[in-house]
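J.: Would you mind keeping the following structure in view while I ask a few things?
2 protein chains.
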Amino acid sequence: MKISEAAAQSGLSIDTIRFYERAGLLPRVERGQDGHRVFSPRDLRWLRMFERLRATHMPLKVIQTYVELSRNPDSNEERRAILEAHRLELDHQQAQINACRALLDEKIRHYDSLTTDHNGRMQKTIQRPNHPQTADHQ
Amino acid sequence: MKISEAAAQSGLSIDTIRFYERAGLLPRVERGQDGHRVFSPRDLRWLRMFERLRATHMPLKVIQTYVELSRNPDSNEERRAILEAHRLELDHQQAQINACRALLDEKIRHYDSLTTDHNGRMQKTIQRPNHPQTADHQ
DNA sequence: TAGAGGGGTGGAGTTACTCAAGGTCAAGTC
DNA sequence: GACTTGACCTTGAGTAACTCCACCCCTCTA
Numbered sequence: 001m002k003i004s005e006a007a008a009q010s011g012l013s014i015d016t017i018r019f020y021e022r023a024g025l026l027p028r029v030e031r032g033q034d035g036h037r038v039f040s041p042r043d044l045r046w047l048r049m050f051e052r053l054r055a056t057h058m059p060l061k062v063i064q065t066y067v068e069l070s071r072n073p074d075s076n077e078e079r080r081a082i083l084e085a086h087r088l089e090l091d092h093q094q095a096q097i098n099a100c101r102a103l104l105d106e107k108i109r110h111y112d113s114l115t116t117d118h119n120g121r122m123q124k125t126i127q128r129p130n131h132p133q134t135a136d137h138q
Numbered sequence: 001m002k003i004s005e006a007a008a009q010s011g012l013s014i015d016t017i018r019f020y021e022r023a024g025l026l027p028r029v030e031r032g033q034d035g036h037r038v039f040s041p042r043d044l045r046w047l048r049m050f051e052r053l054r055a056t057h058m059p060l061k062v063i064q065t066y067v068e069l070s071r072n073p074d075s076n077e078e079r080r081a082i083l084e085a086h087r088l089e090l091d092h093q094q095a096q097i098n099a100c101r102a103l104l105d106e107k108i109r110h111y112d113s114l115t116t117d118h119n120g121r122m123q124k125t126i127q128r129p130n131h132p133q134t135a136d137h138q
């Protein structure tokens, strides 16, 4: 499998895959006799995993640690711990999203209230009273 | 309000606040006669908003655009559109988190299955059979 | 008066990409 | 057979958003 396919199937960009290889996340990728990378199904499984972990902001260093650990079959505890820690991190991100969504909902409701009258019909806001609470609404 | 308080109350670091000011997100922060920044309640509201938007990865440029728009009272549509777009982005992040959580749950279950027998008791894994499916589990 | 604590500036360092320049090679076209 | 095209290669520079550091100023307390 060549790099363009690996990119398409993993959701990563070609540049990112090359970058990950240089960073040592994906050790010893095979090369064809033309010098092109040849990705194995196992490489692809790693890439897909990287994509999910990075999409949720696990640092590359941690991923690297995980990859190195997985060369040692006695490292199940440590690898499990890394994943479990990241699961907690996901909870945290979840909370951030919820908080931000609350903010957005509130602001958007506010903007709606400026252009819609109370029967739900749109209203051209030609005159705008200088109401201090709304005049400088962020 | 001085910068340390603004940091404590906004959840941003002192360095980040200074960086945002330099970037033009927080224009004309007042200064005391000692040259120290003096943050108004309005500044703090902005900082809190920045914190939430950044925690969910809205680019600084977009935030900057929003801030600039909010100096023009006729920009409600545009500002609303920015927030709405980010609300969609939150859905996307939500999906990423869910996908990653599924991955983590599966992997962690796998690790559990390696150290726990089927009655739920822990088992010291002294001998490890060379099972190809599990031996190279990522 | 010495030192600690909090603020200021400018600039370098970090993370994780992302892009551009220039080079090789195989396949298809004239 | 020359040529173009397209996919790949490497190297190195650029970017976003911080983060850290060195060094300076001021004020307050021991």
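Sequences listed follow chains D and P, in order. Read in order, the letters of the first sequence correspond to residues 1 to 138 in full-length UniProt numbering. Read in order, the letters of the second sequence correspond to residues 1 to 138 in full-length UniProt numbering. Here a beta-carbon is modelled for each residue, glycine too, at the ideal position from N, C-alpha and C.
(1) Can you find a C-beta in chain D that's less than 8 Å from the C-beta of P:Met-1?
(2) What is the rounded straight-line gap between the Cα of D:Lys-124 and the Cα of P:Ala-6?
(3) What do you get for D:Asn-72, buried or exposed, if any count of 16 or more other CB atoms within 10 angstroms of its CB means buried?
(4) Could you have a look at D:Arg-109 and say whether DSSP puts it in helix, strand or coil?
(5) For the UniProt domain "HTH merR-type" (1-69) of chain D, list the alpha helix (DSSP H) runs that are entirely contained and at least 4 residues long, ordered along the chain.
(6) When the Cα atoms are used, what is the spatial distance from P:Gln-9 to P:Arg-48?
(7) Take every Cβ of the region 78-90 of chain P, pair it with every Cβ of the region 33-48 of chain D, and state whether three or more of those distances are shorter than 8 Å.
(8) Please list the residues of the region 44-74 of chain P that have a C-beta atom closer than 7 Å to any C-beta atom in chain D, keeping them in chain order.
(9) In whole angstroms, what separates the C-alpha of D:Arg-101 from that of P:Glu-84?
(10) Can you look up D:Gln-138 in the DSSP assignment and give me helix, strand or coil?
(11) When we look at the beta-carbon of D:Glu-30 and count the other beta-carbons within 10 Å, is it buried (16 or more) or exposed?
(12) Counting only beta-carbon separations shorter than 8 Å, does P:Ile-108 have a partner in chain D?
(13) Decide if P:Leu-88 is buried, meaning its Cβ has at least 16 other Cβ atoms within 10 Å, or exposed.
(14) Tell me the rounded alpha-carbon separation between P:Gln-96 and D:Ser-4.
(15) Name the chain P residues that come within less than 9 Å of D:Ala-99, Cβ to Cβ?
(16) Which of the three DSSP states, helix, strand or coil, is assigned to P:Asp-91?
(17) DSSP on D:Asn-98, reduced to helix/strand/coil?
(18) For D:Asn-72, which three-state DSSP category applies?
(19) Using a Cβ cut-off of 8 Å, which residues of the region 78-94 of chain D contact any Cβ in chain P, in chain order?
(20) Compute the Euclidean distance between the alpha carbons of D:Asp-112 and D:Leu-104, then round it to the nearest angstrom.
(21) Any beta carbon of chain D sitting closer than 8 Å to that of P:Tyr-111?
T.: In short:
(1) Contacts with chain D at 8 Å (Cβ-Cβ) do not include P:Met-1.
(2) In this prediction, D:Lys-124 scores a pLDDT of 49, lower than 50, which makes its location untrustworthy; the coordinate-derived value is nonetheless stated afterwards. Going from the Cα of D:Lys-124 to the Cα of P:Ala-6 covers about 38 Å.
(3) Exposed, by the Cβ-count rule.
(4) Looking at D:Arg-109 - three-state DSSP - the assignment turns out to be helix.
(5) List check, alpha helix (DSSP H) in window: 3-10, 14-22, 41-55, 60-69.
(6) One alpha carbon belongs to P:Gln-9, the other to P:Arg-48, and they sit about 8 Å apart.
(7) Three or more beta-carbon pairs separated by less than 8 Å are not found between the region 78-90 of chain P and the region 33-48 of chain D, which leaves the two stretches without contact.
(8) Here the close residues are Arg-45, Trp-46, Met-49, Arg-52, Leu-53, Ala-55, Thr-56, Ser-70, Pro-73.
(9) Distance between the alpha carbons of D:Arg-101 and P:Glu-84 is about 10 Å.
(10) It is coil, neither helix nor strand.
(11) Classification for D:Glu-30: exposed.
(12) Yes, P:Ile-108 lies at the interface with chain D (some Cβ there is under 8 Å from its Cβ).
(13) A residue is called buried when at least 16 other Cβ atoms come within 10 angstroms of its Cβ; P:Leu-88 does not meet this threshold and is exposed.
(14) Each residue's Cα considered, the two are about 23 Å apart.
(15) Correct list: Arg-52, Ala-55, Thr-56.
(16) Three-state DSSP puts P:Asp-91 in a helix.
(17) Reduced to three states, the DSSP call for D:Asn-98 is helix.
(18) DSSP places D:Asn-72 in coil when its eight states are reduced to three.
(19) Residues of the region 78-94 of chain D that bring their beta carbon within less than 8 Å of a beta carbon in chain P comprise Arg-79, Arg-80, Leu-83, Glu-84, His-86, Arg-87, Leu-90, Gln-93, Gln-94, in sequence order.
(20) Between the alpha carbons of D:Asp-112 and D:Leu-104 lies a distance of about 12 Å.
(21) It does: the Cβ of P:Tyr-111 has a partner Cβ on chain D nearer than 8 Å.
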